[in-house]
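If you use this note's numbering, the sequence shown corresponds to residues 4 to 296, in order. By construction, the Cβ of each residue, glycine as well, lies at the ideal position given by its N, Cα and C atoms. Computed from a predicted model, the values in this text were never measured in an experiment.
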Amino acid sequence: MNWTILKLIEWTTEHFKKQEIPNPRLESEILLAHVLGKKRIDLYLEFDHSVGPQELAAYKLLIQRRVKHEPVQYLTGRQEFWSLDFKVGPGVLIPRPETECLVEQALKILKNKNSHPERSEGSLHILELGTGSGVLAIVLAKELPQSHIWAGDISERALSYALENAKTHGVSSQIHFQKSDLFSAFDSKQKFHLIISNPPYLTEEEWGKLAPHIREFEPPEAFKGGAQGIDFHLKILDLASKFLMPNGFVVLEIAPLQSAMLKEYLERQKSVSSFEIVQDYEHRERILVVQYG
């Protein structure tokens, strides 16, 4: 049979529908474009082109792996974030679109000269905890090209992806990557204007309810946040004031149901001067912004 690009997409879309794969048409196109080394838009210009036997075999293999729930991002080795292309793979959290809200809030603070009137952009010191594939640190580095960023992660595999992504985007000299369990590798004598993190925030029950393509493939340590999902948030907030400059900020991603618990905790902290919880694009409470005195 002569398999054209259009026939392959149509067949795979129907196959994925039967297997209850989400976004079947989109994922069919992403995988085929990856195999052919093309952009998705190019497929539409070449619907009648035949696919060769080698590419066909490679595409079939990816289909089989996707049906077994392996994330499409691991199959292609890529994920887009902030309109940039990042390398990802097994053992590293796949960046989610809602985390762009975290970057937006950090940039809003860091670009506001009233937040720290004594500094210039070139003197900005930023710390990211749990950097994963490095997307937050890299986006901040590109948006604030004169800033200095330190980024830690307990996973050496994640750090290898982060360093490669930083090199790809031309900011490796601006970011200092370090193996660290939260603050463990950092000196409290070094102070930061802002600490940013997307920490694990699911309970065991929530983890167990996740879709197979997440639960069976992505690293559980990037998701599990203890009995109430806020263990890592509390660890960060407990120590943050020791690592921040006066009037420094902490910006964290949270789960919507955790906002009440975190508000109650923060209201008891004398070192906290103010805090707010910001909604994401779906109007869910998603970003915690805390300023310390």
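Run through the DSSP bridge pairs and tell me what E47 is partnered with. This sequence places Tyr at residue 47; Glu is not what is there. Note: Y47 sits in no beta bridge, so no partner.
Give the DSSP-derived three-state secondary structure of P56 in the structure shown. In the three-state scheme derived from DSSP, where H, G and I count as helix and E and B as strand, P56 is classed as helix.
The ligand FAD and K182: does any heavy atom of the ligand fall closer than 8 angstroms to the residue's C-beta? In terms of ligand content, the structure shown is empty, and the ligand FAD therefore cannot be addressed.
Which residue wins for smallest C-alpha separation from P249, given the options I198, Q22 and I239? Of the candidates I198, Q22 and I239, the one whose C-alpha sits nearest the C-alpha of P249 is I198.
Under 9 angstroms, do G155 and L185 count as touching if we go by C-beta distance? In this structure, L185 lies closer than 9 angstroms to G155 by Cβ.
Got a sec, what are the start and stop residues for the alpha helix (DSSP H) A165 sits in? Annotation: the continuous alpha helix (DSSP H) that includes A165 extends over E159 to T171.
According to DSSP, what are the bridge partners of A154? For A154, which the question treats as bridged, DSSP gives the partners E131 and F180.
Whose C-beta lies closer than 7 angstroms to the C-beta of I97 among residues of the same chain, with five residues either side of it excluded? For I97, where only same-chain residues beyond five positions count, the Cβ hits under 7 angstroms are P74, Q76, Q82, V91 and E221.
When DSSP builds the beta bridges, which residues end up paired with D190? Assignment of beta-bridge partners to D190 by DSSP yields no partner.
Through-space distance from G232 to E103, alpha-carbon basis: So the two alpha carbons sit approximately 21 angstroms from each other.
Pull up the CB-CB distance for R289 and E101, whole angstroms please, since I reckon it's below 8 angstroms. Taking a contact as a CB-CB distance under 8 angstroms, the pair R289 and E101 counts as one, their CB atoms being some 6 angstroms apart.
Any chance you could list the alpha helix (DSSP H) runs of at least 4 consecutive residues sitting entirely within the segment 69-101, in chain order? Residue ranges of uninterrupted alpha helix (DSSP H) with 4 or more members, entirely inside the segment 69-101 and ordered along the chain, are 75-79.
Could you say which of L39, K111, V95 and E285 lies nearest to G55 if we only look at CA atoms? When the alpha-carbon of G55 is set against those of L39, K111, V95 and E285, the nearest one is in L39.
Candidates A188, L166, F189 and S187: which alpha carbon is nearest I178's? Nearest option by C-alpha distance: L166.
Pop quiz: A169 and I141 are said to be a contact at Cβ under 8 angstroms. What is the actual Cβ separation, rounded to whole angstroms? Contact between A169 and I141 is confirmed by a C-beta separation of about 6 angstroms, below the 8 angstroms threshold.
According to DSSP, S277 sits in a beta bridge with which residue or residues? Its beta-bridge partners are Q294.
Taking Cβ to Cβ, would you say E131 is nearer than 9 angstroms to I112? Result no, Cβ atoms of E131 and I112 do not sit closer than 9 angstroms.
Suppose you measure from the CA of K41 to the CA of P148; what does that come to, to the nearest Å? Going by the C-alpha atoms only, they are around 31 angstroms apart.
Report all residues from its chain with a CB closer than 6 angstroms to the CB of L34; omit the five preceding and five following residues, and keep chain order. Excluding positions up to five away in sequence, the list reads L65.
Could you check if H236 is buried or exposed, using at least 16 other CB atoms within 10 Å of its CB as the buried criterion? With 16 or more other Cβ atoms inside 10 Å of its own Cβ, H236 counts as buried.
Quick one: using the 10 Å Cβ neighbour count with 16 as the cut-off for buried, is G137 buried or exposed? A buried status is given to G137, since no fewer than 16 other beta-carbon atoms sit within 10 Å of its beta-carbon.
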